[in-house]
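>
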Amino acid sequence: MRDVTDSFVSFGHWPSAGSFGFNTDILATNLINLSVVLDNRKQRILSTIRNSEELREGAIEQLEEARARLRKVEIEADEFRNLERLENYKNETIHFEQQRAINQVRQRVFQQALQGALGTLNSCSNSELHLRTIGANIGMLGAMKEVTD
Numbered sequence: 001m002r003d004v005t006d007s008f009v010s011f012g013h014w015p016s017a018g019s020f021g022f023n024t025d026i027l028a029t030n031l032i033n034l035s036v037v038l039d040n041r042k043q044r045i046l047s048t049i050r051n052s053e054e055l056r057e058g059a060i061e062q063l064e065e066a067r068a069r070l071r072k073v074e075i076e077a078d079e080f081r082n083l084e085r086l087e088n089y090k091n092e093t094i095h096f097e098q099q100r101a102i103n104q105v106r107q108r109v110f111q112q113a114l115q116g117a118l119g120t121l122n123s124c125s126n127s128e129l130h131l132r133t134i135g136a137n138i139g140m141l142g143a144m145k146e147v148t149d
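So the sequence shown is numbered by full-length UniProt numbering: it starts at 1 and just counts up by one.
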């Protein structure tokens with residue numbers, strides 16, 4: 001068994017043709033492997049950070065676009081509310097003017113009806129009043145004639 005280990009040790013230290021050889025120093029090979037692993041991990045972390053920054057920038061752009069759309073929609077909603085309010089004011093004004101016109105027509109009709117009724121009443125009353133006055137005067141004349149007789 002000792003021969004096998006000696007041959008590996010001697011093979012590890014034996015210079016080969018070119019630069020190929022086995023490194024039997026366990027600490028040195030682990031450091032090299034660890035360096036490669038850490039470098040790979042560093043590259044993955046840097047790549048992940050770059051991707052995250054790109055995603056963050058994209059998200060910020062999308063957020064700004066969404067905020068701009070929100071402002072636009074809020075402005076449109078305010079305009080719609082203002083138009084709706086103006087429409088309500090217009091309808092209220094139209095209703096008020098209609099009621100005012102109806103009340104004016106009612107008042108005129110009432111005044112005309114009242115004037116017509118008063119005119120009719122006055123013409124009827126005057127004739128009747130004249131007849132009563134005439135009748136009363138005739139009655140007084142008749143009473144005076146009896147007194148004189």
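Yeah, the Cβ is synthetic: ideal placement off N, Cα and C, and Gly gets one too.
Since the structure is predicted, the reported quantities are computational estimates derived from the model, not experimental observations.
Skipping 5 residues on each side, what residues in its chain have a beta carbon closer than 8 Å to that of Glu54?
Answer for Glu54: no residue qualifies.
> Can you give the Cα-Cα distance for Ser123 and Leu131, rounded to whole angstroms?
Cα to Cα, the separation comes out at about 12 Å.
> CA-CA distance, Gln99 and Ser127?
Using only the alpha carbons, I get a separation of about 42 Å.
> Which runs of the beta strand (DSSP E) spanning at least 3 residues fall entirely within the region 71 to 99, listed in chain order?
With a minimum length of 3 residues, no continuous beta strand (DSSP E) run stays inside the region 71 to 99.
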